[in-house]
Amino acid sequence: MKKFKKTVKHFWPMYLMFLPGVVYLFINSYIPMFGIQIAFRKYNARDGVYGSPWCGLKNFEFLTKTKDAWIMIRNTVLYNLVFIVLGTVLAVATAIILNEIRSKMAKQAYQTIILIPFLISMVIVSYLAYAFLSTSDGFINNTLVKLFGIEKIDWYNTPKYWPFILVIINVWKGLGYNMILYYATICGIDSTLYEAAVVDGATRWQKVVHVTLPSLRPTIIILTLMALGGIFRSDFGLFYQVPMNSGPLINVTQTIDTYVYRGLIQNNNVGMSSAAGLYQSVVGFVLVSVANGIVRKIDNESSLF
Amino acid sequence: MKKAKKVVALLLAATMAFGLAACGKDAGGAGSTDGGSGTSTSKDTSAKSGEYVKLLVWGNGSADTEDCNEVAEAINKITREKIGVEIELVRGQDAEQINLALTSGEPIDLMCYNNISGQFNTVVNNNWAYPLDDLLEKYGQGAKDVINPYDLEACKYNGVLYALPNQKDTSRAAGFAMRKDICDELGITVPEYGTYDEMHDILVKVHNAHPEMYPLVPTWAQGGMQTTLPADPLGDSLGILEDARESSTTVVNQAETKSFQDFCKMMWQWNQEGLIMPDATTTTENALLTNNGFAMFENWKPGKELEVYKGNGREVYFMKIHGPIKHTAIPNGNSWMIPYCAKHPEEAMKLWNLMYTDPEISNLFINGIEGKHWVYTDDTHKMITTPEGVDPNASGYSSMDWAWPNQQITPVWQGAEDPDLWTKLNEFNNSGVASPAMGFIWDSSSVMNEVTACNNVVSAYRTALMWGSIDPDVNIPKFIEELKAAGIDDIIAEKQKQLDEFLKNKK
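From first to last, the protein sequence lines stand for chains C and W. Taking my numbering, I'd label the letters of the first sequence as residues 10 to 314. Taking my numbering, I'd label the letters of the second sequence as residues 85 to 591.
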């Protein structure tokens with residue numbers, strides 16, 4: 010207790026800075042936790058949260074019972090893996106390239122341009138995509154046909170293109186944000202390391218491989234771990250709004266979130282959606298713990314906790 | 085450290101209590117049904133209005149907040165005196181806002197459930213509505229006199245009344261609405277009743293003469309379609325009666341019915357011929373006749389031409405595919421209820437009664453304020469029109485007469501064929517052939533998992549098939565197979581059981 014008081018006295022400005030974050034986390038992440046019980050109840054609005062009868066794991070059944078379960082879990086996990094791998098590689102690459110640019114003006118201009126998509130709402134992105142892909146008025150159909158004389162493509166009814174479209178859109182949108190995180194780390198790398206490398210006669214490429222990348226490793230690991238935690242989650246906007254909720258695309262656009270939304274918008278079953286949410290969280294938590302455990306085994310310093 | 089723990093515990097307790105309070109009034113509300121004394125309800129009147137009970141009313145259709153407030157104020161002048169009530173009027177809430185409000189127990193006193201998907205079925209399956217039998221008996225005699233008892237039956241669930249039907253079209257005659265200007269230009273004569281073949285010929289003619297137009301467009305955004313199939317959806321369309329006009333009460337899977345399959349094949353064919361708007365299932369626009377659409381699927385009723393004109397700014401001809409039919413979802417559709425979380429159910433019923441019986445109040449709710457939102461066309465005060473200088477499509481208070489309890493005591497809008505519209509509407513309603521399952525409401529709770537799974541399959545195929553966007557020869561078998569995997573047969577069996585039970589009790 011005495012020690013605790015001493016630490017507080019010593020580090021109080023730090024604690025003060027820490028406080029808004031705690032309050033935020035408490036309001037947004039801890040208070041809603043009281044609702045977890047809804048996942049185990051047959052919720053109806055009239056009886057309220059505490060009055061609704063318990064129903065055990067019945068709300069979870071639909072997640073495993075149907076054949077859709079396999080499709081949506083497959084889609085969610087595979088898309089996320091691609092997003093993580095591709096997103097990280099491209100973000101690191103752009104961050105490094107950006108760092109090599111000498112002109113300050115150009116650097117800032119590029120940085121801003123790459124970041125802009127991140128700031129656009131997914132709903133607007135979906136309309137941008139629609140402007141490209143619409144069958145009758147879309148940009149691609151009107152230019153492709155004119156340039157190559159190809160038959161117009163009915164994008165919103167042809168599933169095979171959508172894995173690529175979704176990946177492209179996601180990377181385009183998320184790149185700027187990830188890049189900034191890596192770029193900030195690169196800026197923080199001790200310049201003496203580079204000077205030493207130059208003295209040793211390292212080429213630009215060697216500097217990247219032997220100085221920049223190893224310095225980035227902790228950031229990459231932490232960001233990947235956090236991304237793994239969300240591997241059962243999906244950006245609802247990306248998978249629902251961007252494909253314009255088109256039926257024939259469902260096999261390649263269905264994720265856990267859209268499945269729950271589609272099923273529940275018609276049935277209004279709050280219990281089932283809570284169950285799905287809890288399921289996603291638990292799996293995410295397990296994945297982060299496991300991945301973190303592995304990282305700790307390999308490299309204790311880089312692990313998250 | 086101990087102190088910190090205490091603080092955390094306290095905070096946790098506080099949040100739990102906060103969560104609990106979300107719909108803290110249930111007990112009181114349920115109690116007052118049998119008690120029926122006004123004192124208990126008037127006690128918790130919001131302080132704002134002082135001696136009057138303030139009711140929160142959620143109507144359908146778009147309107148500006150200021151206009152709503154103005155209308156509410158005009159209504160208050162009457163209701164304060166008549167029933168000691170003031171209202172707050174809100175319009176234009178979409179399905180998600182309504183779901184959220186009802187799930188979290190917002191104290192709405194009277195609301196139109198038109199925007200809830202599944203409408204009455206969803207309402208009763210979620211326990212959202214307040215039982216009305218006693219209230220109607222006590223405070224709703226006027227409304228009871230107006231309402232067709234046959235339609236009232238459709239608003240009961242397990243023998244308990246949960247809604248009152250609006251005095252609107254309670255039958256449905258499906259067909260096509262076609263733009264008058266194009267028909268006249270090409271010399272197309274539109275028969276009152278027609279076949280799909282006749283429709284096809286018309287569409288081809290239009291396509292040839294106006295290749296820049298879309299001959300057939302969705303009725304509303306994202307492939308909306310007023311279906312021309314005469315089926316009784318029995319609530320959620322998972323398991324239907326193929327033809328509501330026939331006496332068969334066998335519940336079937338719509339994907340397996342010949343009428344559905346033929347329809348999909350026809351639409352596929354039409355799509356190949358370029359008769360259907362290419363982005364039909366993805367377009368986000370409503371009112372597609374406004375620009376370069378020619379025809380759409382639409383239900384006809386007396387005065388429907390005017391309604392389409394109000395929505396699209398285009399005059400239309402109608403060709404009907406089948407005559408008027410009636411099934412449960414038509415009379416109980418787009419109607420009103422008192423939500424379970426209403427603070428003042430009795431006053432709400434009194435107001436509701438006035439909406440059925442008081443022409444002035446009904447007119448205020450439906451059409452807004454005289455001089456601002458509408459004016460009489462002449463001194464007979466039978467017909468109204470938009471005031472000069474007001475754009476009929478951009479009024480601050482849109483008139484959606486069918487979405488209010490009683491449009492039949494309000495003046496008719498100019499442009500309708502004649503002031504006798506309401507008589508004609510009632511004749512039309514009574515001419516509807518009733519489905520043998522009329523009045524049946526289905527309880528899906530025992531097959532919830534299957535329903536969720538099937539709804540997902542349906543959203544993958546149905547719209548695309550019905551708009552001819554995907555090949556029916558390949559996709560209908562896939563559709564059926566996936567429905568079966570998702571448990572449609574269990575749903576149908578359960579529905580059949582409930583329907584048989586219902587029919588037995590009906591006799």
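A virtual CB, placed ideally from N, CA and C, is assigned to each residue, including glycine. None of these values were measured; they are calculated from a predicted model.
- Given a length threshold of 4 residues, each whole run of the alpha helix (DSSP H) inside the region 361-421 of chain W is given here in chain order: 388-396.
- Nearest to Glu472 of chain W by alpha-carbon distance, out of W:Lys456, W:Gly308, W:Asp485 and W:Glu154, is W:Lys456.
- Interface annotation, Ser243 of chain C: not in contact with chain W, CB-CB separation never under 9 Å.
- In summary, the residues of the region 542-575 of chain W whose CB is separated from some CB of chain C by less than 9 Å are Val542, Ser543, Ala544, Tyr545, Arg546, Thr547, Ala548, Leu549, Ser553, Ile554, Asn559, Glu566, Ala569, Ala570 and Gly571, in the order they occur in the chain.
- Shown here, Asp209 of chain C sits in coil according to DSSP, grouped into three states, outside any helix or strand.
- Taken in chain order, the unbroken stretches of beta strand (DSSP E) that lie wholly in the region 288-337 of chain W and span 3 residues or more are 298-301.
- Given a length threshold of 4 residues, each whole run of the alpha helix (DSSP H) inside the region 154-214 of chain C is given here in chain order: 171-196 and 200-208.
- Within 10 angstroms of the beta-carbon of Glu534 of chain W lie 16 or more other beta-carbons, which makes it buried.
- Ranked by how close their Cα comes to the Cα of Asp346 of chain W, the residues W:Glu369, W:Asn199 and W:Tyr280 have W:Tyr280 in first place.
- Judged by beta-carbon spacing, Ala258 of chain W lies within the 9 Å limit of Glu382 of chain W, meaning their Cβ atoms are closer than that value.
- In this structure Pro302 of chain W is buried. Its beta-carbon is surrounded by 16 or more other beta-carbon atoms within 10 angstroms.
- Beta-bridge partners assigned by DSSP to Phe260 of chain W: W:Phe381 and W:Met403.
- Contact check for Ala147 of chain W against Ser482 of chain W passes: the beta carbons are separated by less than 9 Å.
- Taking 9 Å as the cut-off between beta carbons, the residues of the region 345-369 of chain W near chain C are Met361, Pro362, Asp363, Thr365, Thr366, Thr367 and Thr368, in sequence order.
- Here Leu173 of chain W really is in contact with Cys152 of chain W; their C-beta atoms are around 5 Å apart, less than 8 Å.
- Between Asp485 of chain W and Thr494 of chain W, the CB-CB gap stays under 9 Å.
- Here the alpha carbon of Leu359 of chain W sits roughly 14 Å from the alpha carbon of Leu373 of chain W.
- The DSSP-derived three-state label of Trp526 of chain W is coil.
- For Val279 of chain C, the nearest CB of chain W lies under 9 Å from its own CB, placing it at the interface with that chain.
- Counting only residues of its own chain and dropping the five nearest sequence neighbours on each side, Asn559 of chain W has a CB closer than 7 Å to the CB of Tyr545 and Leu549.
- A direct Cα-Cα distance of roughly 28 Å separates Arg50 of chain C from Gln580 of chain W.
- At least one CB of chain C lies nearer than 9 Å to the CB of Leu186 of chain W.
- For the region 191-211 of chain W, the set of positions with a beta-carbon nearer than 9 Å to some beta-carbon of chain C reads Ile200, Ser201, Gly202, Thr206, Asn209, Asn210 and Asn211 in chain order.
- Nearest CB-CB separation between Gly189 of chain W and chain C: below the 9 Å threshold.
- Per DSSP, reduced to three states, the secondary structure at Cys239 of chain W is coil, with no helix or strand assignment.
- Within a 10 Å sphere around the beta-carbon of Phe27 of chain C sit fewer than 16 other beta-carbons, which makes this residue exposed.
- DSSP, reduced to helix, strand and coil, places Gly60 of chain C within a helical segment of the structure shown.
- Identification of chain C residues near Thr303 of chain W by a Cβ-Cβ cut-off of 7 Å yields none; the smallest Cβ-Cβ distance measures about 17 Å.
- Looking at the backbone, the Cα of Ser312 of chain C and that of Phe294 of chain C are separated by about 15 Å.
- Around Tyr191 of chain C, the same chain offers Ala100, Val101, Ala104, Leu225 and Thr228 as residues with beta carbons nearer than 7 Å, after the five sequence neighbours per side are excluded.
- Ser519 of chain W sits away from Thr365 of chain W, with the two beta carbons spaced by 9 Å or more.
- At least one CB atom of chain C sits nearer than 9 Å to the CB of Gln306 of chain W.
- From the beta-carbon of Ala54 of chain C, the residues of chain W found nearer than 8 Å are Cys107, Leu186, Thr187, Ser188, Gly189, Asn210, Asn211, Trp212, Tyr424 and Cys425.
- The region 413-426 of chain W makes contact with the region 184-201 of chain W; the number of CB pairs closer than 8 Å reaches 3 or more.
- Annotated three-state conformation of Gln498 of chain W is strand, per DSSP.
- Chain-order list of chain C residues neighbouring Met532 of chain W: Phe71, Asn276, Asn278 and Met281, by C-beta distance under 8 Å.
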